[in-house]
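The structure appears below as structure tokens.
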Amino acid sequence: MVKKEKTSKFGKSVLWAVLSYLVISVIAVICSVIRKSVQGEDSSAVTWFMFVELVLFPILFYVAGYLGSKKYEFQKFATYKVWLFSFIFSVALLGLWYVFMVPYVLLNLPAAEGSYALDLFLRKTTVTQEYTVLYLSETDGYKYVILPLVHFVFRFVYWLFYALGNRNYAREQKERERARVRR
């Protein structure tokens with residue numbers, strides 16, 4: 008009986024993580040439309056909305072972790088499991104970057120939108136390559152190394168915010184239990 012309940016909790020936690028990621032991805036699409044309308048014709052300008060996105064997506068992951076834990080009464084996630092899941096998810100998407108670009112773009116929307124301000128900053132950075140001054144975005148290193156790693160780091164950090172939401176809820180639950188026992 009205990010094993011079935013534990014398996015059920017695991018299934019619910021995975022389902023909640025997938026569902027919350029899909030909702031956050033839809034919010035990323037909406038943010039992309041808003042960002043493009045705020046940017047206007049100058050698509051290379053860093054706008055205030057990009058900084059809003061930089062803060063918004065970690066908050067959304069935190070809220071998703073907190074709400075999922077509250078709704079399904081998840082216990083505190085093990086740190087190594089969160090790190091492992093985050094790493095595997097990010098590596099899988101990193102692999103998609105090199106194999107299938109379209110699924111990568113669809114699955115990577117929160118990280119791409121959240122890191123867009125940093126992306127534009129890095130694109131405008133000038134580098135010298137074989138006596139030629141180029142923008143960093145014009146190099147293969149940017150396309151195949153730097154940008155995928157920026158997305159990798161952002162995805163990893165977002166899932167850590169998800170776990171932080173879970174941990175804060177678990178801490179609040181533990182404090183409530185202690186307060187109830189004291190009475």
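Numbering (the working numbering), first residue to last: 8 to 190. The beta carbon of each residue, even a glycine, is placed where N, CA and C say it ideally should be. None of these values were measured; they are calculated from a predicted model.
Item, Value
"Considering only residues of the same chain and omitting the five flanking positions on each side of leucine 202, which have a CB-CB separation below 8 Å?", "For residue 202 there is no data in the structure shown, the boundaries of the chain being 8 and 190."
"Starting from the C-beta of leucine 129, find all residues in its chain whose C-beta is less than 8 Å away, skip the five residues before and the five after it, and write them out in chain order.", "Leu143, Ser144, Tyr149, Ile153, Leu154, Val157"
"By DSSP, does threonine 139 sit in helix, in strand, or in coil?", "strand"
"Just to confirm before moving on: does the CB-CB distance between lysine 16 and phenylalanine 84 stay below 8 Å?", "no"
"What did DSSP end up calling threonine 133 once you bin it into helix, strand or coil?", "strand"
"Among residues of its own chain, excluding the 5 on either side of tyrosine 79, which ones have a beta-carbon nearer than 8 Å to its beta-carbon?", "Lys16, Lys19, Ser20, Trp23"
"According to DSSP, simplified to helix, strand and coil, what is valine 188?", "helix"
"Would alanine 99 be called buried (16 or more neighbouring beta carbons within 10 Å of its own) or exposed?", "exposed"
"Using only the alpha-carbon positions, how far apart do tyrosine 73 and methionine 108 sit?", "32 Å"
"How far does the alpha helix (DSSP H) with phenylalanine 92 in it reach, from first residue to last?", "86-106"
"In whole angstroms, give me the CA-to-CA distance for lysine 191 and alanine 186.", "Beyond the ends of the chain as shown, which are 8 and 190, falls residue 191; an answer cannot be given."
"Grab me the residues of alanine 177's own chain with a C-beta within less than 7 Å of its C-beta, minus the 5 sequence neighbours each way, in chain order.", "Ser76, Gln82, Lys83"
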